[in-house]
Amino acid sequence: MSRTTTQLVSFLITLTCAYAASAEVFRWPQGCLTGDLEVVNLTHHDVSGWVQTFKPNLVDEANYLFNADSKTKIKITAKTASEFFSLLTFEKNQALKVTYLCDTATYPAHTFEGGVLTYRKSELPENKLWLQNLYPDANTFQLEFLNRSQEVLVTTSISLNAMEQISYKTPGTVTDWSYVRIRALQRYAAFNITPTGSEGPFIIDTQKTVVDDTVAYFVVAARDNSGDQFIIQVTNDAMIAKAREQITNPTLEKIVFARIQKGNSGFNRNWSKKEKPLWSWSTAEVTNISDIGSTACNGFPQAVEDRVESWSKDPGRICFWSYRIKKELTPAEVAAGQQLQ
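Numbers 7 to 347, taken from this note's numbering, label the letters of the sequence shown in order.
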């Protein structure tokens, strides 16, 4: 294992040139302020990863090289309860197994960042959930407590501040529930706290939204269809026709130019993921579909996600060189988060 500290600007440039990019972001409950992050490389080749530090916004990314077929431990120390960490990699899913180890508990990491996540009731006398708001503004969570037949007994909501994380005690007034189903208006992560640490979701579903059914929607992905994807909304008839032309004639190799804004606007999902999670940003206007873009707006979806506050202001737009319009979705498909035909 080797470690280097990468400046944010050079980190972004390096990844933009090297990847398409398929980002896997591992998150875990910060069950103790100081612990060991155990990373197991399940592949037969070396894998790069970046330990990201948030206070609560992204302030540092330290690069590690995880050797083939190896186990690595990284000391993690948070100075305050609001500070948290994640591990970013650009390998395919299941290349790494990541666990946060405290003295008396083990917290397996997972990569689900939204959707509708259902958890089993734990065996703790007092049940707790670890909720993490991944949106740089307030975010409202909805929790549905279900019986064994997965019928809703009680629904409650909780609002978290920008990038806030908490250990949430489930209501003591509801005692006969067996599962809890979680969703949020913006991007989030959640874990069920257990006697030995934590566990991930039992059921993973897509989250329904409300979208404008008078406009067109398109999936934008890497040239080879690998990695993260995002959805653009196009309102101009001429631009809609130009977007459709990219699908019928992919050899055109045109780049999408768009102004972006903070918030998913109900339509911007990572269409490549099982839970079709909502990104923390969306296109406000597609301004062009053309050949050459500035380096200032080049990047990839996760780079914008990690820097929503700054990117939405400067450069305030995207022109990802390696991404192309791949297919059109109906408004109903975008709202449901799944292909309907």
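Beta carbons are placed, not taken as given, at the ideal position from N, Cα and C, and that holds for glycine.
Contact set for residue i: own chain, Cβ-Cβ below 6 Å, skip 5 residues either direction
| i | result |
| --- | --- |
| isoleucine 324 | Ala264, Ile266, Cys303 |
| proline 337 | Val217, Asp219 |
| asparagine 294 | Phe263 |
| glutamate 334 | Phe224 |
| isoleucine 209 | Thr124 |
| proline 62 | Ser88, Met169 |
| arginine 189 | Val122, Gln148, Gln213 |
| aspartate 312 | Leu64 |
| threonine 49 | Ala101 |
| valine 292 | Ile238, Val240, Met245, Ala264 |
| serine 271 | Ser288 |
Where residue i sits in the DSSP three-state scheme
| i | result |
| --- | --- |
| arginine 33 | strand |
| threonine 301 | helix |
| aspartate 320 | coil |
| cysteine 307 | The question names cysteine, but residue 307 is proline in the sequence shown. Looking at proline 307 - three-state DSSP - the assignment turns out to be helix. |
| tryptophan 250 | For the sequence presented, residue 250 should be read as arginine rather than tryptophan. Note: arginine 250 maps to helix in three-state DSSP. |
| leucine 346 | coil |
| proline 283 | coil |
| phenylalanine 289 | What sits at residue 289 in the sequence shown is threonine, not phenylalanine. The answer is strand: DSSP assigns threonine 289 an E or B state. |
| cysteine 325 | coil |
| alanine 341 | helix |
| leucine 335 | strand |
| aspartate 234 | coil |
For residue i, the residue or residues it bridges with in DSSP
| i | result |
| --- | --- |
| arginine 330 | Ala227 |
| asparagine 294 | Phe263 |
| alanine 222 | Val240 |
| glutamate 119 | Partner(s): none; glutamate 119 has no beta bridge. |
| threonine 40 | Thr83 |
| asparagine 198 | Leu135, Glu205 |
| alanine 190 | Phe147 |
| aspartate 312 | DSSP output for aspartate 312 lists no bridge partner at all. |
| aspartate 211 | Val122 |
| lysine 268 | Trp287 |
| proline 114 | Thr105 |
Residues near residue i in its chain [Cβ-Cβ closer than 7 Å; skip 5 each side]
| i | result |
| --- | --- |
| valine 221 | Gln239, Val240, Thr241 |
| lysine 81 | Asp42 |
| proline 207 | Phe118, Leu123, Thr124, Tyr125 |
| glutamine 345 | Glu339 |
| valine 53 | Asn47, Phe72, Thr95, Glu97, Ala101, Leu102 |
| arginine 250 | Glu334 |
| glycine 322 | Arg265, Ile266 |
| valine 158 | Glu150, Leu152 |
| glutamate 132 | Lys175 |
Own chain partners of residue i with C-beta closer than 8 Å, once the 5 adjacent residues on each side are dropped
| i | result |
| --- | --- |
| valine 226 | Gln235, Phe236, Ile237, Ile238, Val262, Phe326, Tyr329, Arg330, Ile331, Lys332 |
| threonine 40 | Lys81, Ile82, Thr83, Ala84 |
| threonine 161 | Gln148, Leu149, Glu150, Phe151 |
| isoleucine 298 | Ile261 |
| glutamate 315 | Asn63, Pro142, Lys268 |
Contact with chain C by residue i, beta-carbon distance below 9 Å
| i | result |
| --- | --- |
| isoleucine 199 | Looking for chain C here will not work: only one protein chain is present. |
Nearest-angstrom Cβ-Cβ length linking residue i and residue j, presumed shorter than 8 Å
| i | j | result |
| --- | --- | --- |
| glutamine 213 | glycine 120 | 7 Å |
| phenylalanine 32 | alanine 115 | 4 Å |
| tryptophan 183 | phenylalanine 151 | 4 Å |
| leucine 137 | leucine 166 | 6 Å |
| threonine 95 | glycine 55 | 4 Å |
| leucine 135 | tyrosine 174 | 5 Å |
| threonine 200 | serine 128 | 5 Å |
| phenylalanine 91 | valine 45 | Not really, about 12 Å apart at Cβ, beyond 8 Å. |
| tryptophan 277 | arginine 193 | About 15 Å separates the two Cβ atoms, so there is no contact after all. |
In the stretch 42–112, which residue ranges form an unbroken beta strand (DSSP E) of at least 3 residues, counting only runs that do not cross its ends? Listed in chain order, they are 53–60, 64–72, 77–83, 90–95, 102–107.
Let me know the beta strand (DSSP E) ranges lying completely inside the stretch 136–184, each 3 residues or longer, listed in chain order. Counting only unbroken stretches of 3 or more residues, the beta strand (DSSP E) elements lying wholly within the stretch 136–184 are 145–152, 158–166, 171–175, in sequence order.
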